[in-house]
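Peer 1: As numbered in our numbering, residues 2 to 233 make up the sequence shown, in order. Even glycine gets a Cβ: it sits at the ideal position worked out from N, Cα and C. These figures come from a predicted structure and were not determined experimentally. Just dropping this structure here.
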Amino acid sequence: MVFERELSIKEKKIIAKIIAFVQDKHNRCEGHDYSHILEVTRLSAMIGKRIKERADPFVTICGALLHDIGRINAPNGMFHGIDGGSRTEEFLESFIEDDYVIKQITKVVVRHTPTSMIPPQTANEKIVFDADTIERLALMGMIRGIMGKTGTMEFIIVNKIGKRLADYNKLYFAESKKIAKPLFEETKKFAQRLKIALDKRKREISEVTMGDINQPQIKIKSFMKKLDNLTG
Ligand SMILES: [Fe+2]
Ligand SMILES: [Fe+2]
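Following this line, the structure appears as structure tokens:
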């Protein structure tokens, strides 16, 4: 199914208004910048066109455009789905009369992220969830995922990249998995290359310590095992 229907002229004008709004806000945002929003919107349209389930193009596109609005001026992402839902509702009330449509778009925003702890239910909600997840799998998404993160290299690699690899299985639609497959393989290859680089470092450290200090080597051993599990 190619979405449920075509967009009306009125809807296209509203979408143009939302685009101007999110461009203005996300251009000031590091990491989750405007290009992330556009890519998630593009992927949402692609998934919406391929799935068999009925999805509304207006709700899906508006939800995709506004999905990360809660990240603007937020100290961290913990509430960005729920806060984004409130911002979306306030903003849309000024020019969309249909409360049901506003509610549907708001739910897409709230439920696009696991941090809201409310899983997506409708096809519109699942599409944007999948599109956002796929965007994170790509190299740019992975780099954004580790930007500004603190902690040891072990923590960042095992946790952040490991999470990205696990994301693939959380996709709702088979069509999303098809789109994500090459990115998933790319992520796996990236993790494998990191493992080789870290393996090299392990040997170098082992040469430096010459077996005198066992503790670092034990730590490295358990780390490499974790990486093996992730990439194997
Ligand atoms: Fe998000
Ligand atoms: Fe996002």
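1) Do the region 84-92 and the region 132-142 touch if we need at least three Cβ pairs shorter than 8 angstroms?
2) Alpha carbon to alpha carbon, what distance is there between A46 and M2?
3) Pick helix, strand or coil for H37, following the three-state DSSP scheme.
4) Can you tell me the Cα-Cα spacing of F22 and D131, whole angstroms?
5) Under three-state DSSP, which class holds G78?
6) Counting Cβ pairs closer than 8 angstroms, one from the region 13-28 and one from the region 69-87, do we hit at least three?
7) Going by beta-carbon coordinates alone, are E187 and E40 separated by less than 8 angstroms?
8) Using alpha carbons as the reference points, say which of K203, P115 and E31 lies closest to H81.
9) Going along the chain, which residues of its own chain have a beta-carbon closer than 6 angstroms to the beta-carbon of I162, five neighbours each way excluded?
10) Mind checking P121: buried by the 16 CB within 10 Å criterion, or exposed?
11) Examine ligand 2 and report whether any of its heavy atoms sits within less than 7 angstroms of the Cβ of H68.
12) Since V111 and I83 should fall inside the 8 angstroms C-beta cutoff, what is the C-beta to C-beta distance between them, to a whole number of angstroms?
13) Go ahead and pull the three-state DSSP assignment for L115.
14) Kindly examine ligand 1 and report whether one of its heavy atoms sits closer than 7 angstroms to the Cβ of T114.
15) State the CB to CB distance for the pair K127 and F174, rounded to an integer number of angstroms; the pair is presumed to be in contact (CB under 8 angstroms).
16) Please identify the residue among F4, A56, I62 and N74 whose C-alpha is closest to the C-alpha of R34.
17) Taking 7 angstroms as the line, does the beta carbon of V110 fall inside it for any heavy atom of ligand 2?
Peer 2: Looking at the coordinates:
1) Touching, no.
2) As a working note, residue 2 is residue 1 in the sequence shown. As a working note, residue 46 is residue 45 in the sequence shown. In this prediction, M2 has a pLDDT of 42, which is less than 50 and means its spatial position is unreliable; nothing more can be read from the coordinates.
3) Reading the sequence shown from its first residue, position 36 is the one you call residue 37. Reduced to three states, the DSSP call for H37 is helix.
4) Position 21 of the sequence shown, counting from 1, holds the residue named residue 22. Position 130 of the sequence shown, counting from 1, holds the residue named residue 131. Answer to the nearest angstrom: the Cα atoms are 23 angstroms apart.
5) By 1-based counting over the sequence shown, the position of residue 78 is 77. Note: G78 maps to coil in three-state DSSP.
6) Output reads yes: the region 69-87 touches the region 13-28.
7) Here residue 187 refers to the residue found at position 186 when the sequence shown is read from its first residue. Here residue 40 refers to the residue found at position 39 when the sequence shown is read from its first residue. In this structure, E40 does not lie closer than 8 angstroms to E187 by Cβ.
8) Start at 1 with the first residue of the sequence shown, and residue 81 comes out as number 80. Of K203, P115 and E31, the residue nearest in Cα terms is P115.
9) Locating residue 162 in the sequence shown gives position 161, where the first residue counts as 1. Result list for I162: A192, in chain order.
10) The count along the sequence shown starts at 1 and reaches residue 121 at position 120. Its Cβ being crowded by 16 or more others within 10 Å, P121 is buried.
11) Residue 68 sits at position 67 when you count from the first residue of the sequence shown. Ligand 2 has a heavy atom closer than 7 angstroms to the beta-carbon of H68.
12) Here residue 111 refers to the residue found at position 110 of the sequence shown. Here residue 83 refers to the residue found at position 82 of the sequence shown. Indeed they touch by this definition, with Cβ atoms about 6 angstroms apart.
13) Residue numbering aside, residue 115 sits at position 114 when the sequence shown is read from its first letter. Going by the sequence as given, residue 115 is Pro instead of Leu. Note: P115 maps to helix in three-state DSSP.
14) Here the question's residue 114 lines up with position 113 in the sequence shown. Under cutoff, so the answer is yes.
15) Sequence index remark: in the sequence shown, residue 127 carries index 126 (1-based). Sequence index remark: in the sequence shown, residue 174 carries index 173 (1-based). Indeed, because the Cβ distance is near 7 angstroms, the residues count as touching under 8 angstroms.
16) Counted from its first residue, the sequence shown places residue 34 at position 33. In the sequence as presented, Arg is not what sits at residue 34; that position holds Asp. Of the candidates F4, A56, I62 and N74, the one whose C-alpha sits nearest the C-alpha of D34 is N74.
17) Start at 1 with the first residue of the sequence shown, and residue 110 comes out as number 109. For ligand 2, not one heavy atom lies less than 7 angstroms from the Cβ of V110.
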